[in-house]
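Read top to bottom, the protein sequences are chains C and U.
To convert, note that position 127 of the first sequence is 126 in numbering that gives the first Met the number 0; the numbers rise steadily by one, no gaps.
To convert, note that position 148 of the second sequence is 147 in numbering that gives the first Met the number 0; the numbers rise steadily by one, no gaps.
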Amino acid sequence: MNDQPLILAFCCHYCAYAAADIAGSMRLQYPSNVRVLRLPCTGKVEIDYLLTAFERGVDGVIVAGCLEGGCHFLEGNLRARKRVERAKQILSEVGLEPERLEMYNLSSAEGNRFAEIVTEMSEQVAKLGPSPLRPDRNTVEQNFREMTQQAEATIAGEIQ
Amino acid sequence: MIVADRKNVQEIRDMIKDHDRVLLVGCGTCVTVCLAGGEREVGILGSALRMALKLIGRGNVVVDECTIERQCEDAFIDILATRVSEYDAVVSFGCGAGVQALAERFGKMPVYPGLNTQFIGILESQGVWTEKCAGCGNCRLGEFAGICPITRCAKHMFNGPCGGSRDGKCEVNPDLECGWQLIYDRACALGILERLGAIAEPHDWSTGLDGGPRKVVREDQRINT
């Protein structure tokens, strides 16, 4: 368990978050090292959210939004993909592998796909090894909790 | 506005790596609008620099961020005065004028540039800025239908077009519009094409970059002189 990479998944409320829920309802097995952070849309993702996650020691980051053309806010997921590309560029300048960050698209019905994405990313990050910025596991877990609480506080009232 | 873009993270990291406490200072004016050195961008670069320093074993370097309204006016720099003394280096995310204004104000503090200042330009479309003005100090846009031959023509020609204009594009770069085609088209639209028949006089570059830094003085606005 302690050797598994720690991954933070920024999940859109309207697709990936629901897909994660379905994956759970379907009792699908996927790595337990992923922490889900809910956003009203991946268009809410800013580059500094992604960098802050790495700064606080996560090994990998997933941004999971709606299928292209299916965004609840029309083009939030398209904007997110561009920001993810920019963040990957900055990560590579920093000296971290850009493969630690990936964007995926899926629909709210795809519980299977969510489990696949998490497994795929977990394997990809495991190959890269732990982040050289990672503090001890408890600190990272505490950071996860803080980031999730901040995100939930920020979006409180935004999702109807 | 003045348009700039950020330097590579490693370039900034190497400038500051020998300091222990570094303050990144953003500017809330032009470089905020061109998404290069405002509060958000300074936050992103702060995060990137902290990680980059840690990866070279300099994780103990303190990198903090703040953004002031305008770096090119001393009155706005006042806000920084007390805070800067807590650091041993400053990285300015203002334009070249901002960097130098901070350096003049804080005589004993190393001040490094976080941006590459590019040009005076406009927002062409979301995320795209284009150069429009060279700041030559002797504006002749009235002669050229409101389109500047210095910035818009790759050869800075005052009597164009040259032989490299093809289908409205410049021979220097097929994606570049020919400045003189633009001047011609606009002169036609305005019904002033005959004005372009006259030979344009050579430009007076004495108001340009020659003779050291230029000054603009408004005596009626000066105080205590």
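Cβ coordinates follow ideal geometry from the N, Cα and C atoms, glycine included.
{"Asked": "Cys168 (chain U) to Arg185 (chain U) span [Cα, whole Å]", "Found": "Looking at the sequence shown, residue 168 (chain U) is not Cys but Lys. Each residue's alpha carbon lies about 15 angstroms from the other."}
{"Asked": "Status (buried if at least 16 other CB within 10 Å, exposed otherwise) for Thr31 (chain U)", "Found": "buried"}
{"Asked": "Segments assigned alpha helix (DSSP H), at least 4 residues, entirely inside the stretch 136–202 of chain U", "Found": "148–151, 178–189"}
{"Asked": "Integer Cβ distance of Ile61 (chain C) from Ile116 (chain C), believed to fall under 8 angstroms", "Found": "7 angstroms"}
{"Asked": "CB contact below 8 angstroms: Leu50 (chain C) versus chain D", "Found": "No chain D appears in the structure shown, which is made up of the protein chains C and U."}
{"Asked": "Where Tyr111 (chain U) sits in the DSSP three-state scheme", "Found": "strand"}
{"Asked": "Endpoints, alpha helix (DSSP H) assigned at Ala52 (chain C)", "Found": "46–54"}
{"Asked": "Alpha-carbon to alpha-carbon, Glu151 (chain C) and Thr118 (chain C)", "Found": "25 angstroms"}
{"Asked": "Secondary structure of Leu54 (chain U), DSSP reduced to three states", "Found": "helix"}
{"Asked": "Residues near Val44 (chain C) in its chain [Cβ-Cβ closer than 8 angstroms; skip 5 each side]", "Found": "Phe9, Leu38, Val62, Ala79, Arg82, Val83"}
{"Asked": "Nearest-angstrom beta carbon gap, Ser130 (chain C) and Phe53 (chain C) [assumed within contact, 8 angstroms]", "Found": "7 angstroms"}
{"Asked": "Cβ of Met0 (chain C) within 8 angstroms of any chain U Cβ", "Found": "Low confidence applies to Met0 (chain C): its pLDDT is 49, below 50, so where it sits in the model is not reliable, and the reading given next is rough at best. Cβ-Cβ to chain U under 8 angstroms: no for Met0 (chain C)."}
{"Asked": "Residue interval of the alpha helix (DSSP H) (run including Asn246 (chain C))", "Found": "The structure shown does not extend to residue 246 (chain C), since chain C is modelled only from 0 to 159, so the question has no answer here."}
{"Asked": "C-beta atoms of Glu68 (chain U) and Gly45 (chain U) nearer than 8 angstroms", "Found": "no"}
{"Asked": "Sequence-distant residues of the same chain with beta carbon closer than 6 angstroms to Ile154 (chain C), five excluded per side", "Found": "Pro39"}
{"Asked": "is_contact[Phe143 (chain C), chain U] using C-beta, thresh 8 angstroms", "Found": "no"}
{"Asked": "Neighbourhood of Asp87 (chain U) by C-beta distance below 7 angstroms, restricted to the same chain and skipping five residues each side", "Found": "His18, Asp19, Arg20"}
{"Asked": "Three CB pairs or more closer than 8 angstroms across the stretch 51–66 of chain U and the stretch 134–146 of chain C", "Found": "no"}
{"Asked": "Unbroken alpha helix (DSSP H) run spanning Cys29 (chain U), endpoints", "Found": "29–32"}
{"Asked": "Partners in chain U for Leu132 (chain C), counting only beta-carbon separations shorter than 8 angstroms", "Found": "Met50, Lys53, Leu54"}
{"Asked": "Nearest-angstrom Cβ-Cβ length linking Ile119 (chain U) and Lys131 (chain U), presumed shorter than 8 angstroms", "Found": "7 angstroms"}
{"Asked": "Close beta carbons around Val57 (chain C), own chain, < 6 angstroms, minus the five adjacent residues each side", "Found": "Leu5, Leu7"}
{"Asked": "With 16 other Cβ atoms within 10 Å as the buried cut-off, status of Met0 (chain C)", "Found": "With a pLDDT of 49 at Met0 (chain C), under the threshold of 50, the modelled position of this residue cannot be trusted, and the question is left open."}
{"Asked": "Within-8 angstroms CB hit, Asn7 (chain U) to chain C", "Found": "yes"}
{"Asked": "Validate contact between the stretch 98–118 of chain C and the stretch 14–34 of chain C using beta carbons, cut 8 angstroms, 3 pairs", "Found": "yes"}
{"Asked": "Simplified DSSP assignment, three categories, for Ala86 (chain C)", "Found": "helix"}
{"Asked": "Residue nearest to Pro201 (chain U) in terms of C-alpha spacing, selected from U:Glu218, U:Asn158, U:Leu175, U:Lys214", "Found": "U:Asn158"}
{"Asked": "Segment contact flag, the stretch 103–113 of chain U with the stretch 140–148 of chain U, C-beta cutoff 8 angstroms, min 3 pairs", "Found": "no"}
{"Asked": "Asp73 (chain U), enclosing alpha helix (DSSP H) - first and last residue", "Found": "73–83"}
{"Asked": "Contact residues within the stretch 18–46 of chain U, judged by C-beta distance below 8 angstroms to chain C", "Found": "Arg39, Gly42, Ile43, Ser46"}
{"Asked": "Residue range of the unbroken alpha helix (DSSP H) whose run includes Phe113 (chain C)", "Found": "110–127"}
{"Asked": "Supposed close pair Arg5 (chain U), Ala51 (chain U) - CB separation, criterion 8 angstroms", "Found": "No, Arg5 (chain U) and Ala51 (chain U) are not in contact; Cβ-Cβ is about 13 angstroms, not under 8 angstroms."}
{"Asked": "Pair within 8 angstroms by beta-carbon distance, Asn115 (chain U) and Ala3 (chain U)", "Found": "yes"}
{"Asked": "Ile76 (chain U) burial status per 10 Å Cβ neighbour count (16 or more: buried)", "Found": "buried"}
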